[in-house]
Structure formats: C-alpha cells, structure tokens
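Okay, so here's the structure we're looking at.
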Amino acid sequence: MAWSVLCDYQPRFDILKKVVRAAFPKLPVFADTEDHRPGSFEVILHHKDEEFEIWSKLLTGEPADEMAAHSVAELVVDEIRRAKLCL
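So the number in our numbering is just where the residue sits in the sequence shown, counting from 1, plus 56.
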C-alpha cells in the first residue's frame, strides 16, 4: 500500500473515513488504536516510510458535533488535494 491516512480521534473517525473515501476511494483510512493525547485530533498521510501531518488540533471540552466533524473532514480532503498527494 503506497498511501494511507491515519486518524487518532476515535469519536468522529467514521465521519472522517466517509468523507475522505468519497473524495479518494482508493486511499485507505485507518483509526489509530493508541490515544496519543486525550482530546487530540491528528490526521497523518503516510507514504511508504514518510509521514505528512495534514491536520493537528487539540480539542477542548466535549467531542465536536457531527457538523463540525464534517467540516474538519472536508478541510482534511482539501489539504490532501492542496499538497498534490492524491492518488
């Protein structure tokens, strides 16, 4: 597998996966099973042995609502496109 996306924010992972897959159907999206920081949201694009952090934010309070999660997922897709790292 040449490219993949790793997300460590479990509560809204399903939304991120759906939005990224709609834009990039062949791009694997994985959930990180280890929590790095409580309340953190990091999305990393992997290419072979390299990592490209495309989104990182420390969230405070309750997990983001569904609409906010969709907005973040759209930003992630835009960042992948902007970096010209699409398949």
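By construction, the Cβ of each residue, glycine as well, lies at the ideal position given by its N, Cα and C atoms.
For clarity, every value in this text was computed on a predicted model and none was experimentally measured.
- prompt: How about L101 and V128: do their beta carbons lie closer than 8 angstroms?
  reply: no
query: Who does F86 pair with in a DSSP beta bridge?
result: L62
- prompt: Which one of R138, R137, A125, E135 has the shortest CA to CA distance from K74?
  reply: A125
message: Beta-carbon within less than 8 angstroms of F86's beta-carbon, same chain only, minus the 5 sequence neighbours each way: which residues are those?
response: S60, V61, L62, C63
- request: Indicate the three-state DSSP secondary structure (helix, strand or coil) for F69 in the structure shown.
  value: helix
field: Length of the line joining the Cα atoms of V132 and V99
entry: 8 angstroms
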